[in-house]
């Protein structure tokens, strides 16, 4: 009897938790506020873990019932990660960007790129081609893994060879080396160019960190939602099969 | 500082121009509408820089990490002269000579053409990856529904065994837990027990095999309402991967046994019970009592009842047999142990009966004549005994070996025969003389007298002085042929017939821990333990200090003395057969497993 009670409670909870997806699309209308619904969604979701575990009687195997339980756990844990992510990353992203938007930082980067292009008009051709290649081949973001790991696939062409320019290190090292052998007017220009490239590196770091954090902030939903629908199917299968062979 | 700000913006082929004026200490540049020089575009920060006039010098200072360029030189803080060109976030500011009463004219060339933002070249957000979330959700939902329900359920229409043989998912996915080892022979055939879909497994499905399982009470008079559960499955949970199929929760029993009267069983003489340690009635012994009319009858008595005694009609002082230094036996001194007489059955549950032949006869030999110590009378029947005596002494008479009558009294030790002991032959010679010189009748009379004398002496010794009376209660009948009667003997087979006590499981304990035999002086002593003895080790169902013991630790639910649960089904099937209705089909796998 206890098993059926807990099972019914668990099933009702799952259906209600799934209904959030519908409710949030009606932001204004409907009973309660979406904010309240999300809060309840979190608390009831976590309590579902307890209800369903007791319902399982700690009896697991390779079957549709354990699949439903496993999917439910994945959904709940991805949701718990989501709560943590939403409480952590927006603030952290704001801090690393010093309250600017990512657009503003990109704009700063564009300014620097424009400045560099202007400054490069009056330096040696080899310096100009190296720096321009580094600007052209700077990469941020990318596929899922690139975004989540802040992988830097930037390149630079030096002496006709393509090198990795991770964190702009190769470019800056080359400029510093070039600077040590320069003198006079060229030295002044090179110093400015190097400083600009350093500023550019800092902006790129901020952009990559923001992309990584934003990715982490959102990525759980790509599991949470599809797994919820998988769970709904497994729940239907669980209930039908239990009563088929009652 | 007084500024004239002239905005210029390309619109198609023409150009739009408008002006604004400023008078104050410092002019601000940025996207914000509160800025002195407001520059459009999402790349422009809300507050970018500040323009001040000090000692005739215009100074532009960027805020935060922002920068600008003055005549192509990047700067954060710079003096701006008339004629300079300043670029702020893509917009060009020309500082022109003063006009009218202004200190400076700033011509702002607004950059309206949107160049491709650097940001647009890269995928910087997950949503730009266009993960087909909705499609994945639908695919997962439909795939699990198909594998988990739809395909296995088609087996109901096309035949489960056909589905199981195919590579498609079948109802094995639905198996919540393994079968108990006693049911494992059923394999995957769920329909053995789950005969009708969406209907709980019925008792009939269990009783199909378990026909002989007994009821707990008399269902013909009390009905079949078990209160705590109506179905076999309420107490016997299958598919739990547990070693036991029996639900041992004592709450199932105490539903009724806490108060039988309230549950409609008020006529029962069973006392209320809720827990072995805290609330269990004292033990009652099942004692046998003899009555001439009814024979042996069992009575359940408390230890303190006056009638509570072992009335076996035997004499057996345990203390005499169990002295530590041992007792004299024909084989010498013998130290007795409990197990010499009390042996467990192979099952380890019950004890083998104690019998004269196996356990007593080694010492208690039924000899009757000191001159013939190898001859014994049979045990059991008085008439057989008397016949044996007559036969022996008749043979002795005919064999001419009439031995002297050795009178003994109970105080005397029977003299043993010693080799070379001279036999007294006077009486034999006298008899022979009589036989030679007299008639047959005289011999016959003399023989009968001889035999009857000897038989009477031997039997009196046996029954009243030395042998039978040592263990048995003897009554005089007054009958000439069978003057003695051995009172009927019965040993209690099971003192606690409602429990299942296993001696095997208690073999690490001393016998005397429960049975105080060495201080028992009489056979009437009941040497069974009381509930306190058990409670020294056994606690209630949830005790933490003792052995956890529930009802089923000692009691069976299905009682041997009740009708079989399957009887009704048998009757139904027989009736169906008589009516010509086809009965339930046989269960082939069970047959197969038997043949294996």
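Protein chains in written order, with our numbering: chain U, 8 to 253; chain C, 207 to 802.
The beta-carbon is built from N, C-alpha and C at its ideal position, and this holds for glycine as well.
The beta carbon of residue 151 of chain U falls within 8 Å of a beta carbon belonging to chain C, placing the residue at that interface.
Look at residue 364 of chain C: its C-beta is not under 8 Å from any C-beta on chain U.
Secondary structure of residue 408 of chain C (DSSP, three-state): coil. The C-beta of residue 339 of chain C comes closer than 8 Å to at least one C-beta of chain U. In this structure, the straight-line span from the alpha carbon of residue 57 of chain U to that of residue 47 of chain U is close to 16 Å.
For residue 145 of chain U, the closest alpha carbon among the candidates U/245, U/35, U/55 and U/214 is that of U/214.
Measuring C-alpha to C-alpha distances from residue 512 of chain C to each of C/502, C/524, C/503 and C/493 identifies C/493 as the nearest.
For residue 228 of chain C, the enclosing beta strand (DSSP E) stretches over residues 220-229.
Contact note: residue 328 of chain C reaches chain U through 146, 147, 148 and 149, using a C-beta cutoff of 8 Å and chain order. Within 7 Å of the CB of residue 71 of chain U, the CB atoms of chain C belong to 354, 379 and 380, in sequence order along the chain. With contacts defined as CB atoms closer than 8 Å, residue 311 of chain C and residue 299 of chain C fail to qualify as a contacting pair. Counting along the chain, the unbroken beta strand (DSSP E) around residue 491 of chain C starts and ends at 491-497. Judged by their CB atoms, residue 522 of chain C and residue 729 of chain C are nearer to each other than the 8 Å cut-off. Around the C-beta of residue 753 of chain C, fewer than 16 other C-beta atoms lie within 10 Å, and the residue is accordingly described as exposed. Our two residues, residue 346 of chain C and residue 391 of chain C, have alpha carbons roughly 36 Å apart in a direct line. The Cβ atoms of residue 489 of chain C and residue 744 of chain C lie no closer than 8 Å to each other.
Residue range 297-302 is occupied by the beta strand (DSSP E) that includes residue 301 of chain C. Contact annotation: the stretch 188-203 of chain U touches the stretch 119-135 of chain U, with at least three C-beta pairs closer than 8 Å. Distance from the Cα of residue 103 of chain U is smallest, within the candidate group U/33, U/218, U/18 and U/252, for U/218.
Remark: fewer than three beta-carbon pairs, one from each stretch, lie closer than 8 Å, so the stretch 655-665 of chain C and the stretch 542-556 of chain C are not flagged as touching. Taking the Cα positions, residue 724 of chain C is about 14 Å away from residue 735 of chain C. In the structure shown, residue 723 of chain C falls within a coil segment according to DSSP collapsed to helix, strand and coil. Residue pairing of residue 56 of chain U in beta bridges, as defined by DSSP: absent, with no partner found. Spatial neighbours of residue 540 of chain C in its own chain (CB-CB distance under 7 Å, excluding positions within 5 residues in sequence) are listed in chain order as 532 and 533.
DSSP places residue 451 of chain C in the coil class of the three-state scheme, outside both helix and strand.
Taking the C-beta atoms as reference points, residue 331 of chain C is found nearer than 8 Å to residue 221 of chain U. The Cβ-Cβ distance between residue 237 of chain U and residue 71 of chain U does not fall below 8 Å. The continuous stretches of beta strand (DSSP E) do not include residue 134 of chain U, which lies in the alpha helix (DSSP H) extending over residues 132-143. Interface residue (Cβ-Cβ distance to chain U less than 8 Å): residue 401 of chain C is not classified as such. For the 8 Å CB-CB criterion, residue 709 of chain C and residue 693 of chain C do not form a contact.
In this structure, DSSP gives residue 333 of chain C a helical state, which the three-state scheme calls helix. Listed as beta-bridge partners of residue 505 of chain C by DSSP are C/493. Only 403, 404, 405, 406 and 407 from the stretch 403-432 of chain C bring a Cβ to less than 9 Å from some Cβ of chain U.
Segment contact: the stretch 711-723 of chain C against the stretch 454-467 of chain C, fewer than three CB-CB distances shorter than 8 Å; contact not assigned. For residue 386 of chain C, no beta strand (DSSP E) run applies, since DSSP gives it neither H nor E.
Using a Cβ-Cβ cut-off of 8 Å, residue 331 of chain C counts as an interface residue toward chain U, since at least one Cβ of chain U sits closer than that to its own.
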